[in-house]
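Trainee: The numbering used here puts the first residue of the sequence shown at 3, with every later residue one more than the last. Every residue gets a Cβ at the ideal spot worked out from N, C-alpha and C, and that includes glycine. Every value quoted in this text rests on a predicted model; they were computed, and no experiment measured them.
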Amino acid sequence: MTTEYELVRVDWVDPWSRGGWVDVEELDDAFGHNLGCSTVGWIVRRSDERLMLASSVQTTGSGDQVGDLFVIPLRCIERITPLL
Numbered sequence: 003m004t005t006e007y008e009l010v011r012v013d014w015v016d017p018w019s020r021g022g023w024v025d026v027e028e029l030d031d032a033f034g035h036n037l038g039c040s041t042v043g044w045i046v047r048r049s050d051e052r053l054m055l056a057s058s059v060q061t062t063g064s065g066d067q068v069g070d071l072f073v074i075p076l077r078c079i080e081r082i083t084p085l086l
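1) Identify every residue that forms a DSSP beta bridge with E8.
2) Contact check, V24 vs A32 under 8 Å by CB: the rounded distance?
3) Going by DSSP, what residues sit across from C78 in a beta bridge?
4) Counting only the same chain and skipping the five closest in sequence on each side, list residues whose C-beta sits under 8 Å from that of L86.
5) Let's see if you can read the secondary structure: which residues bound the alpha helix (DSSP H) around L29?
6) Take the Cβ of V42 as the centre, count every other Cβ of all protein chains shown within 10 Å, and call the residue buried at 16 or more, exposed below.
7) Looking at the unbroken beta strand (DSSP E) that takes in V59, where does it start and where does it end?
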């Protein structure tokens, strides 16, 4: 396997939505949801706006392949922790 990709744990905040009508009295319950998430993966792309992780990386005769891609907006990321 290639070592050019960094394996990391990303702690991030997931946006939350709820469709339909809601009584104003219920807003505090909805507003207090824990939205913290953690995702582990190989960083395969990074820009000024987002981070792309792959859960799998393999090297073939024709180059690298990645699987199970996940993109997180940088504004949602709280912490990136290297794992290797």
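Mentor: Per the coordinate set shown:
1) I45
2) 7 Å
3) According to DSSP, C78 bridges with nothing at all.
4) E8 and L9
5) L29 to F33
6) exposed
7) R52 to T62
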